[in-house]
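*Asks:* Chains as they are written, first to last, in this note's numbering: chain A, 13 to 101; chain B, 13 to 101. Structure provided below as structure tokens; questions to follow.
2 protein chains.
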Amino acid sequence: MFKRLRAGARSVGEIAKGMDVSRPAVSQHLRVLKEARLVTDRAEGTRRLYAVDTTGLDEVRKWLDGFWDETLAAFKTAAEREAARERTR
Amino acid sequence: MFKRLRAGARSVGEIAKGMDVSRPAVSQHLRVLKEARLVTDRAEGTRRLYAVDTTGLDEVRKWLDGFWDETLAAFKTAAEREAARERTR
DNA sequence: AGGTTACGTAAGCGGTGACTTACGCAGATC
DNA sequence: GATCTGCGTAAGTCACCGCTTACGTAACCT
């Protein structure tokens with residue numbers, strides 16, 4: 013779903029076509045993506061175009077960066093402490 | 013769970029203590045983390061120490077980097093195409 | 001106005017995943 | 001050898017998630 017939207021704005025029907033799920037299922041997915049600020053929607057006639065939303069994307073990116081920083085930092089200190097413990101044996 | 017392991021090697025009981033799930037539940041989680049190469053385990057007497065595995069961590073990191081590259085690239089070209097379409101109006 | 005298209009939403013259902021309890025087993029301690 | 005500790009695993013239960021079907025609605029068309 014998200015990979016399809018990366019290529020540009022798409023209508024619900026276009027997204028659903030070619031996927032092995034029904035159109036309402038796609039709508040429901042788009043709703044949670046919208047709530048997560050990962051997509052935006054705008055009406056165009058009877059159709060409804062969805063596109064990726066950079067705001068939520070940036071949030072995810074920042075969160076992940078922080079996660080990696082914390083993980084690597086914690087792992088580094090843990091490794092150093094482990095090495096120190098090894099040395100005093 | 014993973015955040016606890018970041019601080020260093022922990023036994024199953026230590027991890028389970030303070031969490032709102034039972035010890036067997038923690039064991040099951042650790043099993044899937046182990047299969048995903050995200051943790052390693054070594055026996056120490058009757059206890060079993062778990063620690064983060066950098067190999068699986070690197071794989072995740074690489075996959076995420078590729079995902080972000082693809083996403084941003086696709087989004088960029090989509091935005092440019094959108095801008096061009098706007099200009100010819 | 002009537003019909004068609006494209007969509008969202010409610011209702012209902014099945015499968016799956018995460019948990020708990022119960023049990024078995026290896027290692028330590030005496 | 002007996003017991004205790006720490007753990008993994010099997011079995012069973014339950015809530016939740018994602019899907020489909022059915023229906024209602026707004027915008028376009030003639």
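For glycine and all other residues, C-beta sits at the position ideal for the given N, C-alpha and C.
From what residue to what residue does the beta strand (DSSP E) around Ala11 of chain B run?
*Replies:* The first residue shown for chain B is 13 and the last is 101, placing residue 11 of chain B beyond what the model contains.
*Asks:* Between the beta-carbon of Arg93 of chain B and the beta-carbon of Gly78 of chain A, is there less than 8 Å?
*Replies:* One-based indexing of the second sequence puts residue 93 of chain B at position 81. One-based indexing of the first sequence puts residue 78 of chain A at position 66. Cβ atoms of Arg93 of chain B and Gly78 of chain A: not closer than 8 Å.
*Asks:* Under the rule that 16 or more other beta-carbon atoms within 10 Å means buried, what is Arg54 of chain B, buried or exposed?
*Replies:* Mapped onto the second sequence, residue 54 of chain B falls at position 42. With fewer than 16 Cβ atoms within 10 Å of its Cβ, Arg54 of chain B is classed as exposed.
*Asks:* Between the C-alpha atoms of Val51 of chain B and Lys15 of chain B, what's the straight-line distance to the nearest angstrom?
*Replies:* Position 39 of the second sequence, counting from 1, holds the residue named residue 51 of chain B. Position 3 of the second sequence, counting from 1, holds the residue named residue 15 of chain B. Answer to the nearest angstrom: the Cα atoms are 12 Å apart.
*Asks:* For the alpha helix (DSSP H) holding Ala63 of chain B, just list the boundary residues, first then last.
*Replies:* For the purposes of this step, residue 63 of chain B is taken as residue 51 along the second sequence, with counting starting at 1. Run containing Ala63 of chain B: none in the alpha helix (DSSP H); it sits in the beta strand (DSSP E), 59 to 64.
*Asks:* When you compare the CB positions of Val24 of chain B and Ser39 of chain B, do they come within less than 8 Å of one another, or not?
*Replies:* Start at 1 with the first residue of the second sequence, and residue 24 of chain B comes out as number 12. Start at 1 with the first residue of the second sequence, and residue 39 of chain B comes out as number 27. Their beta carbons are under 8 Å apart, which means Val24 of chain B touches Ser39 of chain B by this criterion.
*Asks:* Taking only beta-carbon atoms, is Thr83 of chain B less than 8 Å away from chain A?
*Replies:* As a working mapping, residue 83 of chain B is identified with position 71 in the second sequence. Yes, Thr83 of chain B lies at the interface with chain A (some Cβ there is under 8 Å from its Cβ).
*Asks:* Which two residues bound the contiguous alpha helix (DSSP H) that contains Val38 of chain A?
*Replies:* Counting from one through the first sequence, the residue named residue 38 of chain A turns up at place 26. Its alpha helix (DSSP H) spans residues 35 to 47.
*Asks:* Given this structure, state the Cα-to-Cα distance separating Leu42 of chain B from Arg73 of chain B, to the nearest angstrom.
*Replies:* Position 30 of the second sequence holds residue 42 of chain B. Position 61 of the second sequence holds residue 73 of chain B. For Leu42 of chain B and Arg73 of chain B, the distance between alpha carbons rounds to 20 Å.
*Asks:* In the DSSP output, what is Arg22 of chain B paired with across the bridge?
*Replies:* Along the second sequence, one-based indexing puts residue 22 of chain B at 10. In the DSSP output, where bridge partners are listed per residue, Arg22 of chain B has B:Tyr62.
*Asks:* Please identify the residue among B:Leu69, B:Glu47, B:Glu26, B:Leu76 whose C-alpha is closest to the C-alpha of Leu61 of chain B.
*Replies:* Here residue 61 of chain B is taken as the residue at index 49 of the second sequence, counted from 1. Nearest C-alpha to Leu61 of chain B: B:Glu26.
*Asks:* Rounded to the nearest angstrom, what separates Pro36 of chain B and Lys29 of chain B at their Cα positions?
*Replies:* Within the second sequence, the letter at position 24 stands for residue 36 of chain B. Within the second sequence, the letter at position 17 stands for residue 29 of chain B. Distance between the alpha carbons of Pro36 of chain B and Lys29 of chain B is about 12 Å.
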